[in-house]
């Protein structure tokens with residue numbers, strides 16, 4: 001069941017997503033949509049009215065299996081994945097654009113991410129599920145071309161994260177589930193990807209790893225390292241100097257996420273002692289570490305703007321909140337309030353991106369309990385909230 005959700009979910013959210021993952025898709029009557037929406041997936045609802053600078057729509061209905069990781073094109077349209085038995089498909093909010101099924105067969109996918117290049121072509125990094133001890137786990141890199149799909153297959157391990165640099169080069173973070181769990185960086189143009197030698201060994205199957213690249217194509221990685229005794233530290237690695245170097249950010253913590261400014265300043269959040277911490281690397285080296293004021297699970301998603309504003313998605317009970325840190329400090333906007341019919345852990349997964357204009361976009365899974373044919377079912381739908389155009 002591991003491949004049903006993003007590798008960056010906290011364990012509590014992962015558990016909720018696993019409960020939902022076994023449900024069969026449910027067919028709903030086709031909706032009558034306004035003219036401007038006729039060329040998008042018919043399961044999407046229209047955008048809601050703009051309230052307080054935000055608007056929301058449902059992009060996939062109850063009973064859908066999907067991954068909230070998404071990419072944005074130059075115009076701010078989102079591209080994300082749904083999946084099922086022998087099915088991986090790209091869904092987009094861009095009117096008039098449809099995709100053939102991704103040529104994927106077999107087990108549910110372990111999804112690294114989705115990115116869209118300057119020409120509007122979509123790039124995916126996907127691995128099949130494998131058990132520990134498998135020494136030949138492949139990663140598939142798909143990219144759209146003239147309505148179809150081209151692919152590259154590398155035997156490099158589970159893909160944990162995926163990104164694209166300003167030149168259109170791809171970057172992926174993989175872990176081979178055998179031996180000392182080596183972590184590798186894959187990079188290059190789509191047609192000439194290169195698997196590098198491992199830059200760190202993890203010693204166990206901890207999955208909380210995160211990758212982002214800067215405008216120069218340098219990779220920045222944060223990972224949870226569990227040593228002896230069983231204490232998890234937060235570690236950072238980068239190849240910005242031409243070779244990989246690692247350093248410790250915090251001696252204890254878990255569930256780290258990383259975001260990087262275009263100029264290459266890494267920002268890392270993690271959970272430590274029940275609180276959410278933020279670390280920002282100084283240009284001369286070392287980290288400025290501070291508490292965010294948030295508690296509970298680590299944020300489900302993170303990004304940082306060109307000017308250094310930090311954006312987080314954080315679940316607080318029945319609320320999904322967007323937090324931004326600017327010169328004024330931390331400010332909160334509640335994006336979604338789960339109703340009484342939602343699951344105990346209502347938000348199973350979330351992802352956050354900024355478009356070229358700096359607007360915030362968020363896609364998240366909302367887990368609900370509904371009655372179907374006299375039985376209570378736990379199902380998931382995917383909602384999308386953005387700052388108004």
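Residue numbers (full-length UniProt numbering): 1 to 389.
For glycine and all other residues, C-beta sits at the position ideal for the given N, C-alpha and C.
### Task
Taking residue 342 as part of the beta strand (DSSP E), name the residues at either end of that continuous run.
342-354
### Task
Report buried or exposed for residue 29, applying the criterion of at least 16 other Cβ atoms within 10 angstroms of its Cβ.
In this prediction, residue 29 scores a pLDDT of 37, lower than 50, which makes its location untrustworthy; no coordinate-derived value is stated.
### Query
Leaving out the 5 sequence neighbours to the left and right, which residues in its chain are closer than 6 Å to residue 304 when beta-carbon positions are compared?
Hits under 6 Å: 259, 261, 267, 310.
### Straight-line gap, residue 155 to residue 297 (C-alpha atoms, nearest Å)
C-alpha separation (whole angstroms): 33 Å.
#### Entry: Of the residues 191, 175, 179, the one placed nearest residue 185, counting alpha carbons only
175
### Beta-carbon proximity list for residue 315, same chain, < 7 Å, skipping 5 on both sides
297, 300, 347
### Query
Per the contact definition of three or more C-beta pairs closer than 8 Å, is the segment 340-356 in contact with the segment 46-57?
Counting Cβ pairs under 8 Å, fewer than three are found: no touch.
### Task
Can you tell me which of 40, 118, 97, 384 puts its alpha carbon nearest to the alpha carbon of residue 166?
118
### Message
DSSP three-state label for residue 248, please.
### Response
strand
### Query
Should residue 109 be labelled buried (16 or more other beta-carbon atoms within 10 Å of its own) or exposed?
buried
### Query
Taking the alpha carbon of residue 366 as the point to measure from, which residue in 60, 89, 44, 233 has its own alpha carbon closest?
60
### Task
State the beta-bridge partners of residue 370 as determined by DSSP.
377
### Task
Pick out whichever of 205, 180, 164 has its Cα sitting closest to the Cα of residue 220.
164
#### Entry: Bridge partner(s) assigned by DSSP for residue 385
Residue 385 pairs with 56, 362.
### Chain-order list of residues whose beta-carbon lies under 8 Å from that of residue 376 (same chain, five-residue window excluded)
369, 370
### Message
Just to confirm before moving on: does the CB-CB distance between residue 100 and residue 91 stay below 7 Å?
### Response
Between residue 100 and residue 91, the CB-CB gap reaches or exceeds 7 Å.
### Task
Report the three-state DSSP secondary structure of residue 47 (helix, strand or coil).
coil
### Query
Looking only at its own chain, which residues have a Cβ that is under 7 Å from the Cβ of residue 22, when we skip the five neighbours before and after it?
Note that residue 22 scores a pLDDT of 35, beneath 50, so its modelled location is shaky; the value from the coordinates is reported in the next line. Within the same chain, no Cβ atom closer than 7 Å to the Cβ of residue 22 is found once the five residues on either side in sequence are excluded.
### Message
As an exercise, report each continuous beta strand (DSSP E) stretch of at least 3 residues that is fully enclosed by the segment 86-173, in chain order.
### Response
Taking only runs of at least 3 residues, the beta strand (DSSP E) segments lying wholly in the segment 86-173 are 87-92, 109-116, 122-128, 138-145, 148-155, 158-164.
### Query
So, using beta-carbon positions, are residue 162 and residue 125 closer together than 7 Å?
Yes, they are a contact pair.
### Task
Could you tell me which residues DSSP pairs with residue 254 in its beta bridges?
271
### Task
Quick one: residues in its chain with C-beta nearer than 7 Å to the C-beta of residue 293, no 5 flanking neighbours on either side, listed in chain order?
330
### Query
With a Cβ-Cβ cutoff of 7 Å, do residue 320 and residue 295 count as a contact?
no
### Task
Ignore the nearest five residues each way along the sequence and tell me which others in residue 227's own chain have a CB closer than 8 Å to its CB.
203, 233
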